[in-house]
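Q: Once you've had a glance at the structure underneath, I'll fire off some questions.
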Amino acid sequence: MVALVVNGTFPKDSNIVDQIRSSEVIIATDGAANSLLKNNITPHYVVGDLDSIDSGTQDSVKHTINTPDQSKTDLEKALEWCVDNNYLSLSIFGISGKSEDHFLGNFFTINEFVDQIQCVIYTDYSIITPCVGENEFDSFAGQAVSLITLQNHSIVSSTNLEYPLDSYKLVPSSKAIRNKSLGTSFIIECSEPLMVFQAIL
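Numbered per full-length UniProt numbering, the sequence shown finishes at 201, counting up by one with no gaps.
Pasting the structure below:
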């Protein structure tokens, strides 16, 4: 597994932290490297403008990639670096918390890479998967499922959700949040990219 850790709130759930720790490759945006080392995890790569990384942290990391372009966020720089270096399947952590504008902006940034990178986002509360086309998701009966599009609209159909969607025109809104899975899996088919949120509990 390749983990990308962003400088949001570091996960508290020990299972999620263990996921990061056991990853074959750990990539961090610069400020996230500080949080990783505080949890005794050393990233393999740190990508960003390096303005948020402690000097001691920088000395502990073998590979720091300085990308000083101030017109891009560190997440955007990290995703571009992942594409350039053929890391195209990612587990992303630390996307939420801290600054709300960065939190929302992170989703728009990830949405821009949906055709280039397959990723799953893990927080203490949700598993979030950007998707387009037809996708099947592992689940459990009663799991809360929310769908949010960042496009003008997406035509969405679902299978095995409590409130089925049939060629529903989903616009950016709360219209498709807090649905429920009916079993061990469900299917989402969408014409344009959207985010699938699955509650952990």
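We put the CB at the ideal spot given by N, CA and C, even for glycine.
1. So what does proline 130 bridge to, in DSSP terms?
2. Taking C-beta to C-beta, are isoleucine 95 and valine 120 nearer than 9 Å?
3. Pick out the complete alpha helix (DSSP H) segments inside the UniProt domain "Thiamin pyrophosphokinase catalytic" (20-115), 4 residues or longer, and give them in chain order.
4. In whole angstroms, what separates the C-alpha of leucine 88 from that of isoleucine 117?
5. Within the same chain, show all residues whose beta-carbon is closer than 8 Å to that of isoleucine 177, passing over the 5 residues directly before and after it, in chain order.
6. Just the C-alpha distance for glutamate 189 and serine 167, rounded to the nearest angstrom, thanks.
7. Using only the alpha-carbon positions, how far apart do aspartate 49 and serine 173 sit?
8. Could you tell me whether the Cβ atoms of glycine 97 and glycine 8 are closer together than 9 Å?
9. Quick check: asparagine 160 and phenylalanine 186, are their CB atoms within less than 9 Å of each other?
10. In angstroms, rounded to a whole number, what distance separates the CA positions of methionine 1 and lysine 175?
11. For aspartate 18, which of helix, strand or coil comes out of DSSP?
12. Please state whether DSSP places valine 145 in a helix, a strand or coil.
13. Determine whether the beta carbon atoms of isoleucine 65 and valine 83 lie at a separation below 9 Å.
14. Near isoleucine 53, what residues of its chain come up, given a Cβ to Cβ distance below 6 Å and the 5 sequence neighbours on each side ignored?
15. Specify the secondary structure class of isoleucine 177 as computed by DSSP and reduced to three states.
A: With the given structure in hand:
1. Proline 130 pairs with Met195.
2. no
3. 30-38, 55-60, 74-84, 100-112
4. Looking at the two C-alpha atoms, the distance is approximately 5 Å.
5. Only Ser146, Leu147, Ile148, Phe197 meet the Cβ criterion.
6. 9 Å
7. 34 Å
8. yes
9. yes
10. 34 Å
11. helix
12. strand
13. no
14. Asp30, Ala33
15. In this structure, isoleucine 177 counts as coil in the three-state DSSP scheme.
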